[in-house]
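Working notes for the structure below.
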Amino acid sequence: MQYKSQAVAKPYFIAAIILFVAQILFGLIMGLQYVVGDFLFPEIPFNVARMVHTNTLIVWLLFGFMGATYYLVPEEAETELFAPWLAHLMFWIFLVATGATVAGYLLVPYATLAELTGNELFPTMGREFLEQPTITKIGIVIVALAFLFNVGMTVLKGRKTVVSLVLLIGLLGLALFFLFAFYVPDNLVLDKFFWWWVVHLWVEGVWELILGAILAFVLIKVTGVDREVIEKWLYVIIAMALITGLIGTGHHFFWIGTPEYWQWWGSIFSAMEPIPFFMMTVFAFNMVNRRRRNHPNRVATLWALGTAVMAFLGAGVWGFLHTLSPVNYYTHGSQITAAHGHMAFYGAYVMIVLTIISYAMPMLRGRTSANSNKSQVMEMWSFWLMTVSMVFITLFLTGAGILQVYLQRVSDNPQPFLAVQDQISLFYWLREAAGVVFLVGLVCYIASFFVGSREPEAVIEPSGSAA
Amino acid sequence: MAQVFTKSMARNIFYGGSAFFLLLFLVLTFDTTKALPDRDNRGAITPEVARGKLVWEQNDCVGCHTLLGEGAYFAPELGNVYQRFGNSKDAIMGFIKSRPKEGIPGRRSMPQFNFSDEELSAIAEFLIYSSKINTAGWPPNIQG
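Protein sequences appear in the order of chains A and B. Taking the working numbering, the leading residue of the first sequence gets 1, the next gets one more, and so forth. Taking the working numbering, the leading residue of the second sequence gets 1, the next gets one more, and so forth.
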């Protein structure tokens, strides 16, 4: 760690991991409810478990992005963070707001939570992923503004690199597009149209800039490849991300009351959305192959390569599978969507946060550059267990989705939703089993922070080729 | 990437490309808002429908159901539930009202929300309004 103030990243990463655990536990609850319909009913109905599952995911990724930023910006800007105290303060505000919101979901009925937080005065609740009470949303905006101010001031007073600039543009876009969470018109079509300005323009837009910047930072560090080369790649990747992703929003405007021309715009541009992800994979492997040094943190390199591959598969390939409007006509709102959502979020955003944690945490905990071999081996186990089980979760949900679409929408005698659900329950059981393996991987991940922490750091063997 | 392709060229593609396509996106958005009045059934948005949308939101219905294909995939699509229930508002209200408080053993069941008659009517009116939005022929059949 080159700058003292980088240490503020540590609590952000720890909070991220704790919320990650909560996310997975509630995922397992939901997965079981898919096959044992009355599990925990009526105490934790499915929608409540789902809110906790998706909201903790979003929040822990935000904790991860903020931690990543606090870690890498001082190093890129070659100066201490503008106001470390502000970063600490915002951490606690964000954590308390998250805890209170999740407690609200679990302890009282959602309608009561809406009443308690005065939702009727300024209704923003009850939309997918944006279920947070209005007051929580305002809190998110305050935290985001303070965060952007702090990071912006740091970049301004220090060296301006492409990595920190791209990261900053991504974060600025994140904050800006979140403001559409406050626009909830009575008109359902307008509501849905601008809801996507938060959801799509986040995950298939500005978040890709954040992903690219963090990946570029880690690759510069672990490969020692010339910054000029990496920055050129970064520009091209994020250029393609926005060129395809902005109009690609149209793939959500096929069937929600918007004009039919979106079927052309959305299909053509979103069909090109895999391109930046493919480039990212080529980029990551290229840089690692051309590395000028072997970094002793081999597991961080593994995460970086894994991110590139899994983001391409989950966001790119599984996205393409159902993005063309004639296909989407049948698959829209089915388990195919769920399959894509799981692998894309894991591959692109979960893995990039785990990459930067893997790279930075050893230094934040007092190592010079890497954990012990024993700890790294444990973390590699967690990498493979979580990644392979996520592949299987995706495959099982895809199987469920294909059957669902056929039985409910394509066959000569279309059957009702719940009748179809009964017939595909085998796939849901298999998905749940894969989810349990994911949890085992997560336990290994947590364990990797404790196993071998008293052993000496890993070093590079002179002849060995790492990664 | 060969040397002829420089970093500043890459940077220009990023800024130029993003700006151009953002602008195009805004133009298409503008055109969409112009075209919507003919498609989105806005004439039917009465105060009761607006109230129904709020009830829909404040009970997180989208946490289990899809509406025009968006939401959760745990319970049936509701964009065409009005047609599926034989164009009957009473059938919608009756279904919501009759959900068992303790659920159904071993099976998925909608919670009992204890709605007032006004709330029930509002949410049904909201679903009726939604069912008449021009969705380009989606869903493929009555099962949603």
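For glycine and all other residues, C-beta sits at the position ideal for the given N, C-alpha and C.
Please list the partners that residue i has in chain A, where partner means a Cβ-to-Cβ separation under 9 Å.
{"i": "residue 77(B)", "result": "333, 417"}
{"i": "residue 144(B)", "result": "333, 408, 409, 416, 417"}
Would you mind working out which of the options sits nearest residue i, comparing C-alpha positions?
{"i": "residue 338(A)", "options": "212(A), 31(A), 4(A), 1(A)", "result": "31(A)"}
{"i": "residue 536(A)", "options": "10(A), 5(A), 148(A), 20(A)", "result": "Since the displayed chain A opens at 1 and closes at 467, residue 536(A) lies outside it and no answer follows."}
{"i": "residue 23(B)", "options": "394(A), 366(A), 246(A), 395(A)", "result": "246(A)"}
{"i": "residue 352(A)", "options": "409(A), 209(A), 226(A), 161(A)", "result": "209(A)"}
{"i": "residue 310(A)", "options": "80(A), 341(A), 129(A)", "result": "341(A)"}
{"i": "residue 45(B)", "options": "275(A), 186(A), 69(A), 41(A)", "result": "186(A)"}
{"i": "residue 80(B)", "options": "97(A), 447(A), 255(A), 272(A)", "result": "255(A)"}
{"i": "residue 49(B)", "options": "121(B), 91(B), 86(B)", "result": "121(B)"}
{"i": "residue 14(A)", "options": "46(A), 34(A), 26(A), 59(A)", "result": "59(A)"}
{"i": "residue 459(A)", "options": "81(A), 427(A), 193(A), 376(A)", "result": "376(A)"}
{"i": "residue 116(B)", "options": "51(B), 8(B), 63(B), 16(B)", "result": "51(B)"}
{"i": "residue 45(A)", "options": "19(B), 67(B), 63(B)", "result": "63(B)"}
{"i": "residue 20(B)", "options": "243(A), 345(A), 98(A)", "result": "243(A)"}
{"i": "residue 194(A)", "options": "9(B), 18(B), 33(B), 133(B)", "result": "33(B)"}
{"i": "residue 52(A)", "options": "65(A), 66(A), 406(A), 29(A)", "result": "29(A)"}
{"i": "residue 12(B)", "options": "401(A), 162(A), 204(A)", "result": "162(A)"}
{"i": "residue 349(A)", "options": "449(A), 48(A), 66(A)", "result": "66(A)"}
{"i": "residue 421(A)", "options": "129(B), 136(B), 108(B), 119(B)", "result": "108(B)"}
{"i": "residue 426(A)", "options": "108(A), 403(A), 448(A)", "result": "403(A)"}
{"i": "residue 207(A)", "options": "405(A), 134(A), 166(A)", "result": "166(A)"}
{"i": "residue 169(A)", "options": "383(A), 343(A), 302(A), 239(A)", "result": "239(A)"}
{"i": "residue 42(A)", "options": "83(B), 104(B), 129(B), 65(B)", "result": "104(B)"}
{"i": "residue 88(A)", "options": "429(A), 182(A), 159(A), 146(A)", "result": "146(A)"}
{"i": "residue 171(A)", "options": "213(A), 197(A), 24(A), 109(A)", "result": "213(A)"}
For residue i, is the classification buried or exposed, using 16 other Cβ atoms within 10 angstroms of its Cβ as the cut-off for buried?
{"i": "residue 323(A)", "result": "buried"}
{"i": "residue 120(A)", "result": "exposed"}
{"i": "residue 6(A)", "result": "buried"}
{"i": "residue 103(A)", "result": "exposed"}
{"i": "residue 131(B)", "result": "buried"}
{"i": "residue 454(A)", "result": "exposed"}
{"i": "residue 133(B)", "result": "buried"}
{"i": "residue 5(B)", "result": "exposed"}
{"i": "residue 15(B)", "result": "exposed"}
{"i": "residue 306(A)", "result": "buried"}
Can you name the residues of chain A whose CB is closer than 8 Å to the CB of residue i?
{"i": "residue 73(B)", "result": "333, 334, 335, 337, 338"}
{"i": "residue 136(B)", "result": "254, 255, 260, 263"}
{"i": "residue 40(B)", "result": "187, 188, 189, 190, 257"}
{"i": "residue 127(B)", "result": "Residues of chain A passing the Cβ test: none, with the nearest at roughly 10 Å."}
Is the beta carbon of residue i less than 8 Å from the beta carbon of residue j?
{"i": "residue 257(A)", "j": "residue 269(A)", "result": "no"}
{"i": "residue 122(A)", "j": "residue 144(A)", "result": "no"}
{"i": "residue 138(B)", "j": "residue 329(A)", "result": "yes"}
{"i": "residue 223(A)", "j": "residue 288(A)", "result": "yes"}
{"i": "residue 31(B)", "j": "residue 189(A)", "result": "no"}
{"i": "residue 72(B)", "j": "residue 92(B)", "result": "no"}
{"i": "residue 76(B)", "j": "residue 417(A)", "result": "yes"}
{"i": "residue 363(A)", "j": "residue 1(A)", "result": "yes"}
{"i": "residue 70(B)", "j": "residue 128(A)", "result": "yes"}
{"i": "residue 304(A)", "j": "residue 215(A)", "result": "yes"}
{"i": "residue 367(A)", "j": "residue 457(A)", "result": "yes"}
{"i": "residue 4(A)", "j": "residue 80(A)", "result": "yes"}
Along chain B, in chain order, which residues have C-beta atoms closer than 7 Å to that of residue i?
{"i": "residue 45(A)", "result": "111"}
{"i": "residue 406(A)", "result": "None at all; the shortest Cβ gap to chain B is about 11 Å."}
{"i": "residue 502(A)", "result": "Outside the displayed range of chain A (1 to 467) lies residue 502(A), so it cannot be described from this structure."}
{"i": "residue 119(A)", "result": "58"}
{"i": "residue 125(A)", "result": "57, 58"}
{"i": "residue 329(A)", "result": "138, 140"}
{"i": "residue 128(A)", "result": "62, 70, 71"}
{"i": "residue 114(A)", "result": "58"}
Which residues of chain A have a Cβ atom closer than 7 Å to the Cβ of residue i, listed in chain order?
{"i": "residue 141(B)", "result": "409, 414"}
{"i": "residue 130(B)", "result": "188"}
{"i": "residue 35(B)", "result": "259"}
By the criterion of Cβ-Cβ separation under 8 Å, what are the contact partners of residue i in chain B?
{"i": "residue 265(A)", "result": "28"}
{"i": "residue 111(A)", "result": "58, 59, 113"}
{"i": "residue 131(A)", "result": "60, 63"}
In chain B, what lies closer than 9 Å to residue i by C-beta?
{"i": "residue 274(A)", "result": "Going along chain B, no residue has its Cβ under 9 Å from residue 274(A), so there is no contact; the nearest lies around 17 Å."}
{"i": "residue 311(A)", "result": "Those do not exist, as residue 311(A) stays about 19 Å from chain B at its closest Cβ, beyond 9 Å."}
{"i": "residue 181(A)", "result": "Neighbours of residue 181(A) on chain B: none; closest Cβ ~13 Å, over 9 Å."}
Below 7 Å between beta carbons is the criterion; list the residues of the segment 4 to 17 of chain B that meet it against any residue of chain A, in chain order. Cβ proximity to chain A below 7 Å picks out 7, 10, 11, 13, 14, 17 from the segment 4 to 17 of chain B.
Proximal residues, the segment 220 to 247 of chain A versus chain B, C-beta separation under 7 Å: Answer set for the segment 220 to 247 of chain A: 228, 231, 232, 235, 236, 238, 239, 242, 243, 246, 247.
Interface residues of the segment 44 to 55 of chain B facing chain A [CB-CB below 8 Å]: Per Cβ criterion, the list reads 45, 49, 50, 53, 54.
Pull out every residue of the segment 424 to 435 of chain A whose Cβ sits closer than 8 Å to any Cβ of chain B, in chain order. Cβ contacts with chain B come from no residue of the segment 424 to 435 of chain A.
Mind checking the segment 86 to 102 of chain B against chain A and listing, in chain order, the residues whose C-beta falls within less than 8 Å of any C-beta there? Of all residues in the segment 86 to 102 of chain B, 101, 102 have a Cβ within less than 8 Å of some Cβ in chain A.
Within 8 Å of chain B by C-beta, residues of the segment 34 to 58 of chain A in sequence order: So the list reads 34, 36, 37, 38, 41, 42, 45, 46, 47, 48, 50, 51, given in the order they occur along the chain.
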